[in-house]
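Below: the structure, in structure tokens.
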Amino acid sequence: MSIGKTWILPAVVAAIAAAIVAVLGATITDLGPWYQGLEKPDWNPPDVAFPVGWTIIFALNTAAIVSAWRAAPTPKVSDTIIGLFALNCFLNITWSMLFFRIQRPDLAFIEVLLLWLSIAALIVYCGRYSRISALLFLPYLLWVTFAAALNWSVVELNGPFG
């Protein structure tokens, strides 16, 4: 058994990647006066729900990537899985940057659609090799679907931006 097929390497790499995205996202997220001043829909959850939700999502994502990576039949498939995950991580951070730092919920909404598509791509591609992986990504897709609806509501209630 090669090191690429053991659980250790995929788990360490996925955990480090998830931790980096979580830390960058938390660093970028500013819940200061600008965010607090935004009109939000009545169904907006309390601010404390987001770090709890994201922690669960990142844990599930890590398990999903490990499952898919271990099930990958070839190095090319493994590389594609890692590439899709890297793209998703980039889009995740970019959304936070657009929404919180650049303060453009309108642009963030367009970007969250790309993030959603990247999650769907992970589900479809990883699901070819690991049904568990696809199932573990489903809460992330639901979470981002909810976040996109919330993002759109913020745009409608507060726009125009820029």
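Each residue of the sequence shown is one higher than the last, beginning at 1 in the working numbering. A virtual CB, placed ideally from N, CA and C, is assigned to each residue, including glycine.
Cutting at 7 Å between CB atoms, please list the residues of its own chain near residue i, excluding the five before and the five after it.
i	result
Trp34	Gln103
Val154	Leu38, Lys40, Pro105
Ile132	Ser67
Asn44	Leu150
Ala11	Val66
Ser2	Residue placement at Ser2 is poorly supported in this model, since its pLDDT is 48, which falls under 50; the coordinates are not used for a value here.
When burial is assigned at 16 or more other CB atoms within 10 Å of the CB, is residue i buried or exposed?
i	result
Asn61	buried
Trp95	buried
Ala14	buried
Trp69	buried
Gly159	exposed
Ala134	buried
Val48	exposed
Ile120	Per the sequence shown, residue 120 should be read as Ala rather than Ile. By the 10 Å Cβ count, Ala120 comes out exposed.
Taking residue i as the reference, which of the options has the closest Cα?
i	options	result
Phe137	Phe58, Val48, Ala11, Ala26	Phe58
Val23	Gly32, Ala11, Trp54	Trp54
Ala63	Ala147, Trp143, Leu31, Leu9	Leu9
Spatial neighbours of residue i within its chain, please: C-beta separation below 8 Å, excluding the five flanking residues on both sides.
i	result
Leu91	Glu111, Leu114, Leu115, Ser118
Ile20	Cys89
Val77	Tyr129
Beta carbon of residue i, beta carbon of residue j: below 9 Å?
i	j	result
Ile65	Ile82	yes
Thr80	Tyr140	no
Leu98	Ala108	yes
Tyr84	Leu122	With the sequence shown as reference, residue 84 is identified as Leu, and Tyr is not the correct amino acid for it. Going by C-beta atoms, Leu84 is nearer than 9 Å to Leu122.
Ile28	Arg128	no
Pro51	Ala18	no
Taking the runs of the alpha helix (DSSP H) that are 4 residues or longer, which of them lie wholly in the segment 6 to 55?
Runs of alpha helix (DSSP H) with 4 or more residues, each lying fully within the segment 6 to 55, are found at 8 to 28, 33 to 37, listed in chain order.
Hey, which unbroken runs of the alpha helix (DSSP H) at 4 residues or more fall wholly within the segment 116 to 160?
If we require 4 residues or more, the alpha helix (DSSP H) runs fully inside the segment 116 to 160 come out as 131 to 158.
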